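Trainee: Residue numbering for the sequence shown follows the numbering used here, beginning at 1284 and increasing consecutively.
Here it is, the structure in full.
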Amino acid sequence: TKRRSRSFEQSTISKIRDLNTELTHSRQLKAAAAAAAAAAAAAAAAAISITPTTEPKETIQQD
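Dropping the structure here:
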């Protein structure tokens, strides 16, 4: 029974490590997605802020 419990302990530890790895990757993906969304929002805000609000006035010269 000692051998069996040792094996069970090892497999449980292995499963926990696998789950921790998955969780870490999931958190990294979530953080990357949030960063990408923030960058896209910042780019959109920048594009809006440089859009002229008034039409440029053209001067017509008469000879």
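All C-beta atoms, glycine included, are put in the ideal place defined by N, C-alpha and C.
Given the structure is predicted, the values throughout are model-derived calculations rather than measurements.
(1) Measuring straight from C-alpha to C-alpha, what distance separates residue 1308 and residue 1292?
(2) Would you report the Cα separation of residue 1326 and residue 1305, rounded to the nearest angstrom?
(3) From residue 1300 to residue 1286, what distance separates their C-alpha atoms?
Mentor: To lay it out plainly:
(1) Stepping through the sequence shown from its first residue, residue 1308 is reached at position 25. Stepping through the sequence shown from its first residue, residue 1292 is reached at position 9. Going by the C-alpha atoms only, they are around 24 Å apart.
(2) Walking along the sequence shown from the start, residue 1326 turns up at place 43. Walking along the sequence shown from the start, residue 1305 turns up at place 22. If you take the alpha carbons of residue 1326 and residue 1305, they lie about 31 Å apart.
(3) For this step, residue 1300 is matched to residue 17 along the sequence shown. For this step, residue 1286 is matched to residue 3 along the sequence shown. Using only the alpha carbons, I get a separation of about 21 Å.
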